[in-house]
Structure formats: C-alpha cells, structure tokens
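Worksheet: the structure to be examined is printed underneath.
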Amino acid sequence: MFDIKYIPLDDEYGNLHIIVDKKDLTEYEYNSNIFYGICRGKTLCEWFKNNIKHILVDEPFPVKTCGITGASMWLNSYKYVKNNTKELHVFHELRQDWLWRHSIEICKEEFCLPFIVFRKVESGIEISWNNKSHHYEGVEFKCLEGFELVNEETFKNKVLSFICNFDS
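In my numbering, the protein residues as written are 2 to 169.
Put into structure tokens, the structure is as follows:
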C-alpha cells in the first residue's frame, strides 16, 4: 500500500502524509504532541512533476557506497569521500544531484520532513527512509528507518493523481 496525501493549512503550506504499508512516514512527536510533515504544496507538486521520470527508471547511485537502500546509499557514501579538492567537488555534486532527483529533501525548507528516498529497483519502486540522525531538536519520528517496495504502477498512479489533484 502506498499513498500521498496533502492537507492544506493555508494558501501555501499543508501537512504532507506519505503512507507506506499503513505507516505515515511523516508522523513525528514533539513535546508529547503528534505532528505531520509540513511543506509547500506547490513545491512538492513541482518536485514530483520534474522528478517522476528519474524515479521510474533505474538510475544507479553515482558514487561508491556501502548502502543497500536509496537512503542508506546516500547516507553511507560519505565514507568514500575523495582526498583531492577537484574530485571532492565532483563527488559531492554527483551525490547531491542524485538526491535532489530521488528525495523530497529539497521540499522541506525550514520545516520538519523525514528523509525519504524514492528509486526504481527491479521489482518496483523502493521507498526508503532514515530518520535516526536528523537535525531536529526534540523531534522523534515514528518511522526511524526502513524501506518498502511498492508496485511501480501503483506508485506512478498515486503520484500522477496527487499532481492532477493539486493542479486542479
């Protein structure tokens, strides 16, 4: 099961719900209260429009890593940082470009969103997350780390429906 829901809070911002296998990946606790990720709906919609084509193709991670899932590949690739300045710049640029195409990380602005990565794998779309070492003081995400495989057509249809509903 996979779903994306966006509940407007005002004209620009809303609560984002990314639901995988009945788990809302955006849910977190802060000061004993439950909250959900907040983002600009228009930014998220544009991000999906621009990047669904990258998510739906097998786009290999561009640098050496010991990670297995999309989230762990990005988080663990720093272990292979190059020593010279020119290679270091290229290394970080390749990593960052891949992340911008596969993660909603760019949509969070100043708000609290989990680290979620979408990528094509042989059997469908992998949705992976790792919120163990986020930088939000006092925040505890309900879903700390994991991954789920979802049917590619289901993923594509839900994303396109989200885009269509948001644009209408």
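Where a beta carbon is used, it is the ideal one built from N, C-alpha and C, also for glycine.
Option nearest residue i by Cα separation, candidates the options
{"i": "E111", "options": "F119, E123, H136 and K54", "result": "H136"}
{"i": "W99", "options": "K133, K54 and S124", "result": "K54"}
{"i": "K6", "options": "D25, E13 and I128", "result": "D25"}
{"i": "W75", "options": "H103, I8 and N166", "result": "H103"}
{"i": "T66", "options": "K80, E47 and E60", "result": "K80"}
{"i": "G42", "options": "E94, K157, E146 and Y14", "result": "Y14"}
{"i": "S169", "options": "E146, F92, Y31 and C46", "result": "C46"}
{"i": "K23", "options": "M2, N52, F62 and S33", "result": "M2"}
{"i": "V122", "options": "F62, L95 and R96", "result": "F62"}
Test item: CB-CB of residue i and residue j under 7 Å
{"i": "N132", "j": "F142", "result": "yes"}
{"i": "D4", "j": "K159", "result": "yes"}
{"i": "G71", "j": "R120", "result": "yes"}
{"i": "N16", "j": "Y37", "result": "yes"}
{"i": "W130", "j": "I117", "result": "yes"}
{"i": "P78", "j": "V64", "result": "Note that residue 78 corresponds to Ser in the displayed sequence, not to Pro. It is a contact, given that the beta carbons lie within the stated cut-off."}
{"i": "I126", "j": "F156", "result": "yes"}
C-alpha distance - residue i paired with residue j, whole-angstrom precision
{"i": "C113", "j": "I39", "result": "6 Å"}
{"i": "E88", "j": "I105", "result": "26 Å"}
{"i": "K50", "j": "G139", "result": "33 Å"}
{"i": "L57", "j": "I164", "result": "16 Å"}
{"i": "E60", "j": "P9", "result": "32 Å"}
{"i": "I128", "j": "L145", "result": "13 Å"}
{"i": "F92", "j": "V82", "result": "7 Å"}
{"i": "I35", "j": "H18", "result": "13 Å"}
Beta-carbon separation (whole angstroms), residue i vs residue j, contact threshold 8 Å
{"i": "V21", "j": "E149", "result": "5 Å"}
{"i": "T27", "j": "P115", "result": "6 Å"}
**Request:** Entirely within the stretch 85-127 and at least 4 residues each: give me those alpha helix (DSSP H) ranges in chain order.
**Result:** 86-103
**Item:** Ranges of the beta strand (DSSP E) found wholly within the stretch 34-74, counting only runs of at least 3
**Value:** If one requires a minimum length of 3 residues, the beta strand (DSSP E) runs lying completely within the stretch 34-74 are 34-36 and 39-41, in chain order.
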